[in-house]
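Enquirer: Submitted below is the structure of interest, expressed as structure tokens.
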Amino acid sequence: YYQRKPNGTYGNELEAFISISCLDDPGPIGIAAVDAQIPIFTKAAKRFGPGFGYGYSCALWPVKQAKRVVVTGKGAGPVIVIGTTGDPATPIESSRNAAKALESGIFLTVKAEQHTGYGVNTCIVETVDAYLIDLVVPKNGKVCE
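Residue numbers (our numbering): 24 to 168.
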């Protein structure tokens with residue numbers, strides 16, 4: 024989880040995740056706003072709520088967001104985006120929206136309960152491999168069960 028290496032040192036993945044998360048959000052909300060959220064989180068989740076309410080890292084983040092860049096994939100060939108119905112980390116709607124945002128996005132659905140869809144079943148493996156190896160573009164909206 025913290026990327027401890029065999030020599031006892033650590034990678035910077037956790038720090039990178041925090042900085043990316045803070046800069047992807049609309050912006051620091053401020054300490055007072057974070058404080059106001061704590062009772063709301065605590066009411067919803069008595070045991071864990073207080074811990075989730077303390078988002079001071081982003082509230083105190085010293086760097087302002089740069090202007091957002093709109094990614095359209097203009098001029099790119101077909102771009103496959105795979106969404107998994109039961110992905111605990113990436114909601115399928117987020118994957119679907121990513122495909123829609125791309126001019127040449129092809130959205131594939133994998134019915135599975137896990138993060139990432141490639142390798143889940145023969146359908147998705149054959150579909151992706153056919154595209155990457157033989158340049159066979161799959162039908163947008165294909166569902167692999």
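The C-beta atom is built at its ideal place from N, Cα and C for all residues, glycine as well.
Counting along the chain, where does the beta strand (DSSP E) carrying L131 start and finish?
Expert: 128-133
Enquirer: Would you call the CB atoms of S117 and I105 closer than 8 Å?
Expert: no
Enquirer: What is the DSSP secondary structure of R27, reduced to helix, strand or coil?
Expert: Reduced to three states, the DSSP call for R27 is strand.
Enquirer: Can you tell me which of R27, G100, K66 puts its alpha carbon nearest to the alpha carbon of L155?
Expert: G100
Enquirer: What number of angstroms, rounded off, separates the C-alpha of D152 from the C-alpha of P62?
Expert: 49 Å
Enquirer: If we ignore side chains and look at the alpha-carbon of each, how far apart do A56 and V93 end up?
Expert: 29 Å
Enquirer: How about A124 and T107: are their beta carbons less than 8 Å apart?
Expert: Not in contact: A124 and T107 (Cβ atoms no closer than 8 Å).
Enquirer: Please tell me whether A112 and H138 are closer than 8 Å, where the distance is taken between their beta carbons.
Expert: yes
Enquirer: Quick check: what's the CA-CA separation for K69 versus Y79?
Expert: 20 Å
Enquirer: Relative to the C-alpha of C167, which residue among V159, D157, Y141 is closest?
Expert: Y141
Enquirer: Quick one: what's got a C-beta closer than 7 Å to D48's C-beta in the same chain, skipping five residues either side?
Expert: Cβ neighbours of D48 beyond the five flanking positions: C81.
Enquirer: Could you pull the DSSP bridge partners for T107 from this structure?
Expert: BP columns for T107 point to V133.
Enquirer: Could you tell me which residues DSSP pairs with C167 in its beta bridges?
Expert: Note: C167 sits in a beta bridge opposite V133.
Enquirer: Using 10 angstroms around the beta-carbon of T132, count the other beta-carbons present and answer buried if the total reaches 16, otherwise exposed.
Expert: buried
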